[in-house]
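Before any comments, here is the structure.
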Amino acid sequence: MTRAKRPRLIARTEFRRRWRTMKGNPMQLLALAFAAVMLLPFSLGGVFGAYLAGGFVAGNEAEPLIEWTRMVFVYGWIFVVGFGGYRAYAVALRPDNLDGLLTTVSHRDVIAGLVLTEFVLWSAFFLTVGSAATVAFAVGAGSLLTIPALLLTLCLLLATGIPAGFLLALGVRNAGVRSRLLSRLRTLFLLLFGIGYFALIFTNAFASVLEPIYRVLAPTPIDWFGDLAAIGLGIGASPLRAIGAVGFTALFAVASVVSLFRLAEWLWYADGVHVTHEAERSADQSSWFAGLSRIFSQPVVGVIAVDWKRARRSPLSLSFALYPLIVLAGPVVTAVQTGEIGTSLPLWVLISGTWVAGSLFALNVVGQEGAALPITLLSDAPERSLVVGHVVSGALLIAPMTVTTTVVTGILSPLSIAVVVSLGVSALVLSAVSGAIATGIGVGFPRFEAVSVSRSTKAIVPSVFAFVIYSVVVLVVALPTVIAHSGIAGHALASFVGVDQFVIGLIGMVTSAVLAGLAGAVSMYVARNRVSEYRLE
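In our numbering, the protein residues as written are 2 to 538.
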């Protein structure tokens, strides 16, 4: 096989592998079909919008049109680089059996094949929807010469944007494998990036982030793509800049090939740093665990210690517990946009904190033991240590944060101090007992096999059935507190009965506490019985 054919073979193999992986995951296929259905009307709308834009350009010869065109293509290049870099970091640069590939072909062939794979994937969208939009724009503008210019510009945009995204991803990953500090802070950076990304979505503040990047790129040859696209429209496009865009693409291709080869070599052949977890034994014997030993038995403290170690070593394995925080996005965005905290935000904080506290460690008591399950079941009274340990570990971590955040947001809201106090007590009781509620449900619907929580991380997480049932039970238990402390429903009930809302809140708090206590006691009883009677076949 000639060397020129190796990247194409690697690209075809990568396509087959991704398709087999997708076929083996029905949920991923369903999500892909759903995304395609959702994108169809937007694609049709984009084509129609391109036709209208062409008509607008044909009817106007104002000076700003060429500036707008340049700006559109600069932002388009930023989009390709950003999402292409993300895909390169999360997917493309982590092919299966990378070590085996590097023993049979060179790193140059591997990186070339991966870049070719992404280029074909992007082209499948750009050359279908992009071609239709190009034709529609040209028809609307009344200039058929625009079609080859626009198609050429789209191709050059991909030819520079995708390698630039790979260079960005390779630079980040090379820094990560060579810096011990960055390796330790990798999870924190990913968490902050995720929070920032969703914050941008919900606050619609993309302009504040993209505008500085645009100002940096506007004086560069990236701005020349707009002139190439508008060369046949008669709106003041510069032919020299259009030719310069083609020349820049050729030079960038040569420079990116050399840089990609060198960065890929540094990454894949690097002897990366290794982060070791030091002083584990001393941490177990710290004053914190010594204090817990005075309250709980040593096996229970051991389960708590193991849960916290797992959370520290592999935070991504607990990412499922963050899903309930999505319900906080709307109220938080509203509070940020209005500058005021309403009466509903403390209630959402209470529900989310209660939800997370129970699901964090106690929703898969048996399954998350993994290979250590036989040894655990052979220990003395495993049902007590497992059930109580997982409940306490989640409560000690989340309950203080839930109570503090609920009380602070309640004080900043229009709720009275008395109502805030009863709401804080409710947050303490519910977040402390939610783990007990989760234990019986998790034992009834366990999951023993590991699932992918990221491209390179697998973990044993609670089953979907357990998570759904637990969510319903938590919402039912918290409902009396939510209604009683609501600014609308609670106030209406207080007015109807003729008492202060604090009394209604107190009744709701007691009702939720009783429901949570009963549900938790029954669930823990079921969990302890199932664990004590559990047998490995």
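Ideal Cβ positions, reconstructed from N, Cα and C, are used throughout, including at glycine.
The structure presented is a predicted model; accordingly, all values stated were derived computationally and were not measured.
{"Asked": "For Ala231, the three-state DSSP class (helix, strand or coil)", "Found": "coil"}
{"Asked": "Helix, strand or coil at Ala460 [DSSP, three-state]", "Found": "strand"}
{"Asked": "Status (buried if at least 16 other CB within 10 Å, exposed otherwise) for Glu341", "Found": "exposed"}
{"Asked": "Own chain, CB closer than 6 Å to Thr154, minus 5 neighbours either side, in chain order", "Found": "Phe226, Leu229 and Ala230"}
{"Asked": "Rounded straight-line distance, which links the Cα of Leu115 to that of Leu94", "Found": "7 Å"}
{"Asked": "Tyr198 classed as buried or exposed, judged by whether at least 16 other C-beta atoms fall within 10 angstroms", "Found": "exposed"}
{"Asked": "Gly237 - DSSP class collapsed to helix/strand/coil", "Found": "coil"}
{"Asked": "Of the residues Ala37, Leu348, Ile163 and Gly46, the one placed nearest Val333, counting alpha carbons only", "Found": "Leu348"}
{"Asked": "Buried or exposed (CB count within 10 angstroms, at least 16 for buried), Ser513", "Found": "buried"}
{"Asked": "Cβ-based neighbour list, Leu264, same chain, cut-off 8 Å, excluding 5 preceding and 5 following", "Found": "Leu168, Leu171, Gly172 and Asn175"}
{"Asked": "Proximity winner among Phe449, Ser472 and Ala336, relative to Pro415 (alpha-carbon distances)", "Found": "Ala336"}
{"Asked": "Assumed close pair Val178, Leu268 - CB separation to whole angstroms, cut-off 8 Å", "Found": "7 Å"}
{"Asked": "Phe80: first and last residue of the uninterrupted alpha helix (DSSP H) it sits in", "Found": "Pro65 to Arg88"}
{"Asked": "Cβ-Cβ separation, Phe503 to Ala419 (assumed contact under 8 Å), whole Å", "Found": "4 Å"}
{"Asked": "With 16 other Cβ atoms within 10 Å as the buried cut-off, status of Ile236", "Found": "buried"}
{"Asked": "Run of the alpha helix (DSSP H) containing Gln502, from where it starts to where it stops", "Found": "Gln502 to Ser533"}
{"Asked": "CA-to-CA distance, Gly166 to Phe563, given in whole angstroms", "Found": "Nothing about residue 563 can be reported from this structure: the residues present for the chain run from 2 to 538 only."}
{"Asked": "Residue burial classification, Arg71 (beta-carbon count within 10 angstroms, cutoff 16)", "Found": "buried"}
{"Asked": "Backbone secondary structure at Gly488 - three-state DSSP", "Found": "coil"}
{"Asked": "Sequence-distant residues of its chain with Cβ nearer than 7 Å to Ser427 (five each side left out)", "Found": "Leu351, Thr482, Met510 and Ser513"}
{"Asked": "Closest residue to Ile470 among Leu494, Ser435 and Arg18 (Cα-Cα distance)", "Found": "Ser435"}
{"Asked": "Ala34, DSSP secondary structure in three states", "Found": "helix"}
{"Asked": "Proximity below 8 Å, CB of Val421 to CB of Gly411", "Found": "yes"}
{"Asked": "Beta-carbon gap between Thr129 and Ala139 smaller than 8 Å", "Found": "no"}
{"Asked": "Inter-residue Cα distance where the pair is Val301 and Ser533", "Found": "15 Å"}
{"Asked": "Between the CA atoms of Leu157 and Val247 - distance to the nearest angstrom", "Found": "8 Å"}
{"Asked": "Residue nearest to Ala467 in terms of C-alpha spacing, selected from Ile327, His486, Trp78 and Ala322", "Found": "Ala322"}
{"Asked": "Euclidean distance between Cα positions of Ala433 and Gly518", "Found": "10 Å"}
{"Asked": "For Leu117 and Gly101, the rounded distance between their alpha carbons", "Found": "20 Å"}
{"Asked": "N-terminal and C-terminal residue of the alpha helix (DSSP H) that Asn365 is part of", "Found": "No alpha helix (DSSP H) contains Asn365, which DSSP labels as neither H nor E."}
{"Asked": "Met23 classed as buried or exposed, judged by whether at least 16 other C-beta atoms fall within 10 angstroms", "Found": "exposed"}
{"Asked": "Neighbourhood of Ala363 by C-beta, 7 Å cutoff - its chain only, sequence neighbours within 5 removed", "Found": "His391, Val392, Gly395, Gly436, Ala439, Thr440 and Gly443"}
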